[in-house]
Every structure is written in C-alpha cells, then in structure tokens.
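**Q** Residue numbers (our numbering), protein chains in the order written: chain U, 6 to 236; chain W, 8 to 304.
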Amino acid sequence: MRLELEDVRIAYGRAEVVFGVSLDVAHHSFTCLMGRNGVGKTTLLNGLMGVLPLKAGAIRLDGRDITRLSTPQRARAGIGYVPQGHQVFPYLTARENLAVVRDRAGRGDQSAVDDALDVFPALRKLLGRPAGLLSGGQAQQLAIARALVTRPQLLVLDEPTEGIQPSIILEIEDAISALHSSGMTILLVEQYVEFALRLAQRYAVMDGGLIVHSGDTASIDVAGFSDLLAV
Amino acid sequence: METTLSNLYIGVTLASILLLVGLGLTFTFGQMGVINMAHGEFIMAGAYVPYVLQTSVLSGARGGAVLVAFPLAFLVAGVMGLVLERVLLRRMYGRPLDTLLVTFGVSLMLQQAAKDLFSANNKDVVTPTYLRGQWDLFGVTLTHTRLFVLLVVVLTMVGVWVFMSRLAAGRRMRAVMQNRELAAVSGLPTSRVDATTFFLGSGLAGIAGVAVSLIGPIGTATGTAYILSAFLVVIVGGLGKLRGVVLAALLLGTLNAFVEHATSSTLGRAAVFAFVILFLQFRPNGIVSFRTRGLAV
Ligand SMILES: Nc1ncnc2c1ncn2[C@@H]1O[C@H](COP(=O)(O)OP(=O)(O)OP(=O)(O)O)[C@@H](O)[C@H]1O
Ligand SMILES: [Mg+2]
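1) Kindly indicate which residue of W:252, W:153, W:43 has the alpha-carbon position closest to the one of residue 164 (chain W).
2) Which chain W residues are close to residue 94 (chain U), counting only those with a beta carbon under 8 Å from its beta carbon?
3) Please name the residue in W:10, W:49, W:15 whose C-alpha comes closest to that of residue 259 (chain W).
4) Are there any heavy atoms of ligand 1 lying less than 6 Å away from the beta-carbon of residue 163 (chain W), as far as the coordinates show?
5) Taking its Cβ as the centre, do 16 or more other Cβ atoms sit within 10 Å of residue 137 (chain W), making it buried, or is it exposed?
6) Could you tell me the distance, in whole angstroms, from the CA atom of residue 210 (chain W) to the CA atom of residue 78 (chain W)?
7) Which runs of the beta strand (DSSP E) fall wholly inside the segment 38-100 of chain U and span at least 3 residues, in chain order?
8) Count the other CB atoms within 10 Å of the CB of residue 234 (chain U); is the residue buried (16 or more) or exposed (fewer)?
9) Here's the rule I'm using: 16 or more other beta-carbon atoms within 10 Å means buried, otherwise exposed. How should residue 58 (chain W) be labelled?
10) Between the alpha carbons of residue 18 (chain W) and residue 263 (chain W), how many angstroms are there, rounded?
11) Could you name each continuous beta strand (DSSP E) segment of 3 residues or more that falls completely within the segment 187-265 of chain W, going from the start of the chain to the end?
12) Would DSSP call residue 216 (chain U) helix, strand or coil?
13) Tell me, which residues are paired with residue 35 (chain U) by DSSP?
14) Could you name the residues of the same chain whose beta carbon sits closer than 7 Å to that of residue 150 (chain U), not counting the 5 residues immediately before and after it, in chain order?
15) Under 6 Å from any heavy atom of ligand 2, does the C-beta of residue 89 (chain U) make it?
16) Would residue 72 (chain U) count as contacting chain W if we go by Cβ distances under 7 Å?
17) Could you spell out the range, first to last residue, of the beta strand (DSSP E) harbouring residue 24 (chain U)?
18) Taking 7 Å as the threshold (beta carbon to beta carbon), is residue 193 (chain W) in contact with chain U?
19) Smallest Cα separation from residue 33 (chain U): which of U:186, U:167, U:175?
20) Say whether chain W places a C-beta atom closer than 7 Å to the C-beta of residue 167 (chain U).
21) Using the three-state DSSP reduction, which class does residue 211 (chain U) fall into: helix, strand or coil?
22) At what residues does the alpha helix (DSSP H) containing residue 123 (chain W) begin and finish?
23) Run through chain U and tell me which residues come within less than 9 Å of residue 197 (chain W), C-beta to C-beta.
24) Among the residues of its own chain, which have a CB less than 6 Å from the CB of residue 173 (chain U), if the five just before and after it don't count?
25) According to the Cβ coordinates, are residue 206 (chain W) and residue 112 (chain W) closer than 7 Å?
26) Report yes if the CB atom of residue 194 (chain W) is closer than 7 Å to the CB atom of residue 80 (chain W), and no otherwise.
27) For residue 2 (chain U), count neighbouring Cβ atoms within 10 angstroms of its own Cβ and tell me buried if that reaches 16, exposed if not.
28) Under 8 Å by Cβ, that's how I've got residue 23 (chain U) and residue 48 (chain U) pegged, so tell me the actual separation to the nearest angstrom.
29) For residue 47 (chain U), is the beta carbon positioned less than 6 Å from some heavy atom of ligand 1?
30) Counting only the same chain and skipping the five closest in sequence on each side, list residues whose C-beta sits under 6 Å from that of residue 95 (chain W).
31) Check for me: the alpha helix (DSSP H) holding residue 17 (chain U) runs from which residue to which?
32) Relative to the C-alpha of residue 145 (chain W), which candidate in W:282, W:169, W:285, W:11 has its C-alpha closest?
33) Please compile the residues from chain W whose C-beta is within a distance smaller than 7 Å of the C-beta of residue 81 (chain U).
34) For residue 13 (chain W), which residues in the same chain have their Cβ closer than 8 Å to its Cβ, ignoring the five residues on either side in sequence?
35) Quick check on this structure: which residue in W:27, W:150, W:200 has the alpha carbon closest to the alpha carbon of residue 92 (chain W)?
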C-alpha cells in the first residue's frame, strides 16, 4: 500500500509543530523516519491517523485521499498503527486486547488472531493476564500483535524499541523483517539508528518539524548528520 | 439488634438502587468524561413508566404493568440518553463545564415537562398483589417489595456483567473506556460505542426508577432525591471502577439508612457528606485502586 503525505502541517493550538512535511512511502517499501526527541515524529503520525487535525496538506492511501476520514475509518482502510509507549488496554486481558480488535465491527475472524500470535509465540502463555501487568517488552509485542489482527497493508510503528530490553528488540526486529518480506509496507519511526538502518530501504530525517534529509539507506552518511540523530 | 437489622435491610435496598444509578453514571463518565446532570431525570422517567401503564393500557392488570415496566423503562430512559448524546453531548466532548451546564438545563426542562404532563403532585404506583406482604425473620420485617427490588437489581447486575465481560459489544465499551485513542486508531467505531454506552447507562437509571416507584411515592423531584447520593457513590467508588462502585453503594446506602434512623433525613445526608469528604482525604482515587505497570490510567 502506498502512502503519500503532501505538505502536511499540524499545530497544537497556535503552536505549529509540523511545518509542511511531504513523504512518499512506496508500495511494499520499508521506510524509517528518524530524528531527535521533540522534532515532531509522533505528531506527524497522529496527524496521519486523524488523532490530530491537519492545519493543511493531504494524505493519500493508494492514491485515495483519506484526509477527511475519521480515525477508525483510516484504520479500517488498511493502516495498522502501533503508537509510541507500548500502549495496551490495561484492564483487558492480553487475549481480550486482541479479541476486541478482531471483533471491532461485529464477529471477526479468529485466524487473524492466530496469525498474529504466530508472529510472537511467547504471547500465548500470557493470554490470560491483564495487559496492564505485562512488562514493557511483552506489552510492545502485544501492541504489535494487536495491530496485526487488523491484517493491515501498511504497518506504522512509533519507536517500538524504546525502553525495551535487547533480546526482545531482536525478536521485534525479526518479526518486522518477516512482515515486510511477506509484502507489508512499513513506516517505522525510530531513534535507534542501527536498528532502523538494518531494516529499512529508505530513510527520512526530521528536524524542527521538517524533513531535512532523505534517501536510500544504502547510501546514508550517518556521520554527516549525526547531530540530527540520537546516536 | 432488630432495628439494626431492619436498618441494614432498608440500607441494602437503597444501596442496590444507588448501585444501578451509579453504574450508569460511571459508564457515561468513565467513557466520555460527561457529568450528566440529567441522569436523575432518567430515573424519574423510569418511575413514571409503571404509573402510566397502570393508569392507561394496563389499568386492568396493574401487577403485570410493573413487570412490563422494567424493560420498557430501560428502553424509554435509554432512548432519552441516546438522544441527549447524539443531539447535544456529542458536539461538546472534552468540554466538561459545557456538558455540565447543558445537562443541567436538560434536567430542568425534563422536570418541567413532567410537571406539565403529570402535575406537580406526587403519584403512587399501586403495589401488585403478589408483592403485598412480608416475611418476619428473627423479628426483622422483610417486605416483599424490597426483596423484589433486590432481586431485580441482582438480575440486572448479572445482565450487565455478562454484557461487559462476555459480549463483543461490552468488550468494545471497556476498551474505549480504558484508552479511547488507542481504540480509535485500532479501528473500533468509537462514536457508535459511545452511543451504546449512553443507551445502556441511561437505561439502568430507568430500571432504577421503576424500583423507586415500588418503595414510595414518585414525583417530578424523584430523580433529584437520588442523584446526589449516586454521584457520591461514584466519587467514593473511584470513577470508572465497577467493583469500587458496588462497595461504595453498599457503604453509603447503609450508612445513610442508619444515620437517617438515628437523626433526620437532612442530618443523615449531611453526615454522609462529611464521611465522603473525610474519605477522599485518605483515598482520593476511591476504594479500589488497580496498579498497572508504567501506565497512567
Ligand atoms: N499535546 C501537546 N500540546 C502541545 N505541544 C505538544 C503536544 N504534544 C507534543 N507537543 C510538542 O510538539 C513537539 C513535537 O512532539 P512529538 O511528540 O511529535 O515529538 P517526537 O519527535 O515524537 O519526539 P520523541 O522522539 O521524544 O517521541 C514537541 O516540541 C512537543 O513538546
Ligand atoms: Mg514520539
């Protein structure tokens, strides 16, 4: 699924935070978006999902303008979003966290849950536990699995490695890599540069609410703008 | 000893009614942050349902009217809540002061409408013959009406529990209550879930209204009489926490009955207020607190 952001501007009240970002995420591609704390990465993703209104600009999925759609409609159009901070429904069990998304519009298909659990088999042992009691790493795996239950064509992840122990980061890396190989388009926001560059083909670097560099990861000059990355 | 047990019995039935009302309030507050001042008038509307049935279509079957009244009052109050949410409140989410004022206005309008329809005089719902009578147990009088009220509340609670914990619609409601944004970005139809929540929460007030009509006269101020205590139940129970609300209803209901017995109705309420203020000094988050890891909920 191709995602195009065109001159997107987002403000909190009068304070503009994203100043006109254009980004083209090609079908089947893997793009990482990097940048230091507070440059507007999460804000941009929230604008993409309609959690925040756009001040200006347009968002297209496979050429179709989705700027006017509500947040749930955008999700149902094929975007799986894993927000920053390994968020879960804390009082629902892990199983219910997946089931509620499976049944988001009437009875859904259990095979979607089973497939998501195949990506993170360790979750199977935790299904009965309230999600609020999972560790950060477990919660992150649950959060990604929950996004997969929607069978998204485009997976958007916001700093999935933040605060997660190395062994689980490796599991998440394998999972994301396999999802990409299976044909999913992926947009990854990440400050862990090595992780991002191991996975992605394209990169974009944000600073002060703008994209200041972009290109192929194969030819990236990390040293050249290390001050813009949290290395 | 006998008066103690009698007070306990009266307290528990009062508590059970407060529970239904408080549960509805936690639904609408927990999910949408709406403090619905018109919730009391949904109790009132529910209370008039058996009266209207007994004085019109079911005047020949006044016992049956009471049974029909429960589901009907659920629907009537539920639809009133639904209309309120769709027409007014939906436009003002995230503006608590505005919703407070608007629902307060709606509450006054509904009371005036009830006065125009039913006059300002109190009305009596005729107790069905099958509920007349009482059992004496160790010197304590258990009137059948109050036992029946308890039974209805228990059945309703079981229904709510099954809905919330077993059905997909209830699970969606809990998810939206716990993290609305996450629910939305996961594709849950949050707006439709809001409508369901308001329908259910308001409907419970309707059921409570029928229960109220069985234990005393009803009037246009019936809602006002209960809503304040119900708000206290919700605050003490901890907003959006079902277990806390159950405990708080029991606590405040019995406390009210005891203090009222020892003093007067007004003093009783003042004592409950004092208790609530003291209580919140020590447990500002309510009776039940559930710790989650690294999550502010
Ligand atoms: N709700 C808000 N109201 C006002 N300003 C906000 C709000 N949320 C974020 N900001 C500001 O917007 C800017 C961008 O924040 P954003 O969360 O998008 O950054 P980020 O790139 O995702 O950072 P991080 O890597 O730390 O997650 C920051 O300066 C932040 O202080
Ligand atoms: Mg961020």
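Even for Gly, the Cβ is constructed at its ideal location relative to N, Cα and C.
No experiment lies behind these values; they were computed from the predicted model shown.
**A** In this structure, then:
1) Comparing Cα-Cα distances from residue 164 (chain W) to each of W:252, W:153, W:43, the minimum goes to W:252.
2) Listed along the chain, the chain W residues whose CB falls inside 8 Å of the CB of residue 94 (chain U) are 181, 182, 185, 186, 189, 190.
3) Distance check between residue 259 (chain W) and each of W:10, W:49, W:15 places W:15 closest, using alpha-carbon atoms only.
4) In this structure, ligand 1 has no non-hydrogen atom nearer than 6 Å to the beta-carbon of residue 163 (chain W).
5) Counting of Cβ neighbours within 10 angstroms places residue 137 (chain W) among the exposed residues, the total staying below 16.
6) So the two alpha carbons sit approximately 9 Å from each other.
7) Within the segment 38-100 of chain U, the runs of beta strand (DSSP E) that reach at least 3 residues and sit entirely inside it are, in chain order, 61-66, 84-87.
8) Residue environment for residue 234 (chain U): buried (at least 16 other C-beta atoms within 10 angstroms of its C-beta).
9) The residue is buried, with at least 16 neighbouring Cβ atoms inside 10 Å.
10) In this structure, the CA atom of residue 18 (chain W) is about 7 Å from the CA atom of residue 263 (chain W).
11) The segment 187-265 of chain W contains no complete beta strand (DSSP E) run of 3 or more residues.
12) When secondary structure is reduced to three states using DSSP, residue 216 (chain U) falls in the strand class.
13) In the DSSP assignment, residue 35 (chain U) is bridged to U:191.
14) In the same chain as residue 150 (chain U), and ignoring 5 residues on each side of it, the C-beta atoms closer than 7 Å to its own belong to 103, 121, 122, 124, 125, 128, in chain order.
15) At least one heavy atom of ligand 2 is nearer than 6 Å to the Cβ of residue 89 (chain U), so yes.
16) Not an interface residue.
17) Element bounds for residue 24 (chain U): 20-30.
18) Yes, residue 193 (chain W) lies at the interface with chain U (some Cβ there is under 7 Å from its Cβ).
19) Ranking U:186, U:167, U:175 by Cα distance to residue 33 (chain U) puts U:186 first.
20) Chain W, which has no Cβ nearer than 7 Å to the Cβ of residue 167 (chain U), makes this no.
21) Residue state, collapsed to three classes: strand.
22) Where residue 123 (chain W) is concerned, the enclosing alpha helix (DSSP H) starts and stops at 103-125.
23) The contacting residues are 75, 76, 77.
24) Closer than 6 Å at Cβ, skipping near neighbours: 142.
25) Not a contact, by the Cβ cut-off of 7 Å.
26) In this structure, residue 80 (chain W) does not lie closer than 7 Å to residue 194 (chain W) by Cβ.
27) Since the first residue shown for chain U is 6 and the last is 236, residue 2 (chain U) is missing from the structure and cannot be characterised.
28) That belief holds up - the Cβ atoms of residue 23 (chain U) and residue 48 (chain U) are roughly 5 Å apart, short of 8 Å.
29) Yes; taking the cut-off as 6 Å, the Cβ of residue 47 (chain U) has a heavy atom of ligand 1 nearer than that.
30) For residue 95 (chain W), where only same-chain residues beyond five positions count, the Cβ hits under 6 Å are 109.
31) Counting along the chain, residue 17 (chain U) falls outside any alpha helix (DSSP H), though it belongs to the beta strand (DSSP E) covering 8-17.
32) Ranking the options by Cα distance to residue 145 (chain W), first place goes to W:11.
33) Those within 7 Å of residue 81 (chain U) in chain W are 194.
34) In chain order, 147, 148 place their CB closer than 8 Å to the CB of residue 13 (chain W), counting only its own chain and leaving out the 5 sequence neighbours on each side.
35) Residue W:200 is the option with its Cα nearest to residue 92 (chain W).
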